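A short worksheet on the structure shown next.
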Amino acid sequence: MNRTKSWYLFDFGLSSYPTIILTFFYGSFFVNYIADDSTVGSYYWGFTVSISGFVTIIIFSLIFFFSKINKISNTFFHFSLIILISSSFSLCFFDRGVSLMIPLFFIFISFIFFEILTLFYNFTLTKVSNIKNIGRISNKGWSFGYLGGLISLAIVLLIVEFFPTFFFLNNSSKIFLLVGPIVSIWILFFCYPLIFSFKKENFEILKKQQIDTHIFNNQSLKYFIICYLVYNSGVVSLFYFAGIYASNIHHLKEPDILLLGILINLFGIMGCISFSFIDDKIGSYRSIFLCLLFLFGFTILMFLNSSKIIFWFSALAIGFFIGPIQASSRSFLSNLINSNEQISIFALYSILGNINSLIGPFFISQVIYWTGSFRFGMFMIPTYFFLGLSLMYYLLVLKMSNSRKD
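For the sequence shown, the numbering used here begins at 269 and goes up steadily by one.
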């Protein structure tokens, strides 16, 4: 199989893990069925996901910035794929009555290795593209991720709807025990070809001093990292709070929220396909700027209005731009760095993403707490986008200034 096609299929397969296990099915099953008390279950689930992100930051820092390793073999990522598949599959063995710590341990392990494989996917972008088509391939790959998540979600929904007592499962709730095996088989089938295509290839890791020097000397990279840290807090916060906002402010029920999630993903596919052409025409920088502009406008529109129709319109419009901004950020970063710097800088990129998942929602929760207004707290999201826009504009001025000097 062509390596570019394998790269597309990798995200098609990997996206089933956050879609099915972290977001839609297994988390809810754990909280409402495995745990005796849903409040306690919610606490432990949230704590496990948060601590997994924190441990990922530590692991990436130790491996890529503070170790003496100068190369990492593809065998490491092959091993990571096996661990993700095994830990996801193992979730089928833990029913009600089991100690909550056991399935949570496998969630903890699977989350970390999911992040490692996401890193692999991101830094191999330059292995399947060139400077002329990197924006198109990055956005197209992101659309495959959306599509894979949706199709795997549809498969689980069909099984739950039409086979509630599937095989040995004599209780309709227990059908969710099959979620882990479904995800593991899906990941194995679609992710393995890309891993296999690299065989025993080694990837160079920069020393911490080299990374520090490179970031300090490359002003565009330095300011983009700051920009990304700011605006990605808005992106992450949207994922965290969109469902809660829909439920609390517009009183959407679970079936409506599920439908909204599916439609947002469909609009995300359309957005990524559109930007797969736009990005290579106008450049990744302008694509990011354009997405930020629309995300700022539509989040303001969403949070200022009480109309349910405007909420749905804004949510779908946000869905259209939320994928391209992430895909174009990846291609923009890839273009800023050399081939031997990809894995180290993308490890930093992953660390920043995990930091965003901590600080973005934290500041929103603080605003909600001190103002007593959920809606007021939500205005932190367009604030993140506005600050990101301002910083990206400064980056444009910087780039124009450097080009004049040249």
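All C-beta atoms in this analysis are idealised placements derived from N, C-alpha and C, irrespective of residue type, glycine included. Please read all numbers here as calculations on a predicted model, not as lab measurements.
In this structure, DSSP gives PHE471 an extended state, which the three-state scheme calls strand.
In the DSSP secondary-structure assignment, ILE340 is bridged to PHE471.
Every unbroken stretch of the alpha helix (DSSP H) spanning 4 or more residues and falling wholly within the segment 584-642 is given here in chain order: 610-639. Contact check for ILE423 and ILE450: beta-carbon distance about 7 Å, within the 8 Å limit, so the pair qualifies.
Burial is judged here by how many other beta carbons sit within 10 angstroms of a residue's own beta carbon; TRP638 has fewer than 16 and is exposed. Distance from the Cα of THR386 is smallest, within the candidate group GLY413, ILE370 and PHE362, for GLY413. In terms of CA proximity to ILE632, VAL504 leads the group ILE577, ILE578, HIS518 and VAL504.
Secondary structure of ARG404 (DSSP, three-state): helix.
Shortest Cα-Cα distance from ILE517 to any of PHE535, ILE463, ARG643 and LEU563 involves ARG643. Counting along the chain, THR567 sits inside the alpha helix (DSSP H) bounded by residues 552-572. Comparing alpha carbon positions, the residue from TYR389, PHE292, ASP363 and TYR276 closest to SER618 is TYR389. Of the residues ILE483, MET660, ILE546 and TYR661, the one whose Cα lies closest to the Cα of LYS400 is ILE546. Note on GLU383: 16 or more other CB atoms within 10 angstroms of its CB, so buried under the neighbour-count rule. CYS540 places its beta carbon less than 7 Å from that of ASN407.
Annotation for GLY321: ASN622 and SER625 place their beta carbon closer than 6 Å to its own, counting only its chain and skipping 5 residues before and after. In the structure shown, ASP279 adopts helical secondary structure according to DSSP, grouped into three states. Relative to the Cα of PHE647, the nearest Cα in the group VAL428, LEU415, PHE509 and TYR311 belongs to PHE509.
In this chain, PRO286 is not harboured by any alpha helix (DSSP H), its DSSP state being neither H nor E.
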